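Student: Just so we're on the same page, this note's numbering is the position in the sequence shown counted from 1, plus 74.
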Amino acid sequence: MDIQDLAKRVAAGERRALARAITLVESARDDHRAQACELLETLAPLNRQALRIGLSGTPGVGKSTFIEAFGMFLIEKNLKVAVLAVDPSSTRSGGSILGDKTRMESLSREKNAFIRPSPSQSQLGGVARRTREAVALCEAAGFDIVLIETVGVGQSETMVAEMSDLFLLLLAPAGGDELQGVKRGIMEIADLILVNKADGPLETTAMRTCADYAGALRLLRKRVYDPEGFPKAMMVSAMTQKGLPEAWNAMEELVGWRRTEGHWTKRRSEQARHWFEEDVRIGLLAALERGDIRDHLQMLGSQVARGEVGPTKAAEEMIAHIRGAKV
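1) Compute the beta-carbon to beta-carbon distance between leucine 244 and glycine 136, rounded to the nearest angstrom, for a pair I have assumed lies under 8 Å.
2) By the three-class DSSP mapping on this structure, what secondary structure does valine 329 have?
3) From this set, Phe188, Ala389, Arg341, Asp366, which residue's C-alpha is nearest glutamate 375's C-alpha?
4) Please look up how many angstroms separate the CB atoms of glutamate 142 and leucine 181, rounded, as I've assumed it's under 8 Å.
5) How would you label valine 298, buried or exposed, when you count the other beta carbons within 10 angstroms and need 16 or more for buried?
6) Using three-state DSSP, classify serine 130 as helix, strand or coil.
7) Taking phenylalanine 217 as the reference, give the member of Met261, Glu88, Glu179, Gly365 with the closest Cα.
8) By a C-beta neighbour count over all protein chains shown, 10 Å radius and 16 as the cutoff for buried, is glutamate 335 buried or exposed?
9) With a 10 Å radius around its C-beta and 16 neighbouring C-beta atoms as the bar for buried, classify glycine 330 as buried or exposed.
10) With DSSP as the reference, identify every bridge partner of proline 193, one or two as the case may be.
11) Could you tell me if methionine 233 is buried or exposed, where buried requires 16 or more neighbouring beta carbons within 10 angstroms of its beta carbon?
12) Grab me the residues of phenylalanine 188's own chain with a C-beta within less than 6 Å of its C-beta, minus the 5 sequence neighbours each way, in chain order.
13) What residues are listed by DSSP as bridge partners for isoleucine 46?
14) Tell me, to the nearest whole angstrom, how far the beta carbon of glutamate 308 is from that of leucine 266; I am working on the premise that it is less than 8 Å.
15) Could you tell me whether the segment 138 to 154 touches the segment 109 to 118, where touching means 3 or more Cβ pairs closer than 8 Å?
16) With a threshold of 7 Å on Cβ separation, who are the neighbours of arginine 91 within its own chain once the five nearest residues in sequence on each side are excluded?
17) Leucine 294 and glutamate 320 look like a contact to me (Cβ under 8 Å); what is the Cβ gap, rounded to whole Å?
18) Using three-state DSSP, classify methionine 309 as helix, strand or coil.
19) Cα separation between isoleucine 356 and serine 238?
20) Just to check my reading of the structure: leucine 129 and threonine 224 have Cβ atoms closer than 8 Å, yes? What is that Cβ distance to the nearest angstrom?
21) I need the straight-line Cα distance from asparagine 72 to alanine 95, nearest angstrom please.
22) Pick out whichever of Asp366, Ser311, Ala360 has its Cα sitting closest to the Cα of threonine 139.
23) Residue ranges of each alpha helix (DSSP H) run of no fewer than 4 residues wholly in the segment 362 to 386, ordered along the chain?
24) Identify whether alanine 248 lies in helix, strand or coil by the three-state DSSP scheme.
25) Kindly indicate which residue of Ala108, Ser101, Ala124 has the alpha-carbon position closest to the one of arginine 342.
26) Look up leucine 243 in the DSSP assignment and give the residues it is bridged to.
27) For the alpha helix (DSSP H) that contains aspartate 286, what are its first and last residues?
28) Are the beta-carbon atoms belonging to methionine 325 and lysine 271 less than 9 Å from one another?
29) Using the beta-carbon count (16 or more within 10 Å), is phenylalanine 144 buried or exposed?
30) Report the residue from Arg107, Leu371, Gln377, Pro385 whose alpha carbon sits nearest the alpha carbon of histidine 395.
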């Protein structure tokens with residue numbers, strides 16, 4: 075693969091080249107990883123930055139419908155929108171449906187939109203292992219907004235906050251009371267809570283839910299990178315597009331304040347460091363699959379299974395073996 079040519083075409087905004095580049099960075103093959111690193115380093119001097127928006131919510135809350143409506147709203151403002159949708163992988167077969175692009179029928183036809191579904195591959199945190207690198211490629215391709223849709227499984231999806239500038243939490247009407255709202259975890263990292271489906275017979279219920287979560291947010295500890303009034307809860311309807319302009323105005327207000335106060339640059343620096351350390355951890359875990367280390371791991375695992383040695387003692391022996399091995 076000609077990496078220089080691929081980088082040139084990605085930088086020119088060619089969607090086919092961008093799709094090929096994302097496939098490359100998602101590959102686990104050693105030769106592909108080397109090419110992916112070369113590609114990312116080649117594109118880095120462009121220093122193009124998009125607004126990265128992470129979005130999560132429970133299954134069935136309407137994430138895909140909201141993203142399509144919000145994406146069309148942004149395109150009408152002459153913005154280029156990339157959507158990275160992470161689909162859960164089966165723990166039994168390893169497969170994924172990857173149906174998000176099918177759900178976003180109107181957005182997928184727009185020339186200023188790019189939609190890429192990716193399997194989570196059992197990665198924890200609601201995002202795929204290489205989503206961060208896919209975001210960097212979308213920025214290099216000239217997109218203004220990158221929307222990162224997480225798997226949507228509950229309170230543990232905090233990893234997306236380490237690769238986004240804004241984190242939106244989508245909730246359904248009657249999805250919980252304010253006691254549910256003060257639970258630690260995903261609520262603490264949300265910048266905006268959007269109560270979706272605020273239309274028709276659910277509108278009154280949505281108002282109550284929004285009020286409950288607004289009250290819960292006031293009980294959370296103030297964050298240094300939030301202006302007065304944030305985080306906040308708002309009502310939206312992906313079906314009628316009610317509340318989308320107000321939600322976008324709130325996002326622009328928050329981003330503008332963070333840029334002015336220096337939190338934007340600081341946060342991006344902290345995220346870069348986080349992913350450096352995360353890649354080191356992943357690399358060390360990958361060493362467990364190599365040669366002598368893998369054989370020793372399997373031997374100890376068999377001994378633990380037969381009851382010949384306890385899990386804790388076997389783990390200590392394995393760590394001592396790794397320290398003495400050349401990784």
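Even glycine gets a Cβ: it sits at the ideal position worked out from N, Cα and C. Source: prediction; values computed, not measured.
Tutor: Straight from the coordinates:
1) 7 Å
2) helix
3) Inspection of the sequence shows that residue 375 is occupied by glycine rather than by glutamate. Nearest C-alpha to glycine 375: Ala389.
4) 5 Å
5) The C-beta of valine 298 has fewer than 16 other C-beta atoms within 10 Å across all chains shown, which makes the residue exposed.
6) strand
7) Glu88
8) exposed
9) Exposed.
10) Asp161
11) buried
12) Arg89, Ala156
13) With the chain represented from 75 up to 401, any question about residue 46 goes unanswered, as that position is not in the structure.
14) Note on identity: in this sequence residue 308 is methionine, with glutamate being the wrong assignment. Indeed they touch by this definition, with Cβ atoms about 6 Å apart.
15) no
16) Reading the sequence as shown, one finds alanine at residue 91 and not arginine. For alanine 91, where only same-chain residues beyond five positions count, the Cβ hits under 7 Å are Leu80, Arg83, Val84.
17) 22 Å between Cβ atoms; not a contact.
18) strand
19) If you take the alpha carbons of isoleucine 356 and serine 238, they lie about 20 Å apart.
20) 7 Å
21) No statement about residue 72 is possible, as the shown extent of the chain runs from 75 to 401 and does not include it.
22) It is Ser311.
23) 365 to 379
24) coil
25) The closest CA to that of arginine 342, considering only Ala108, Ser101, Ala124, is found on Ala124.
26) Ser130, Ile267
27) 277 to 291
28) no
29) buried
30) Checking every option, the nearest Cα to that of histidine 395 belongs to Leu371.
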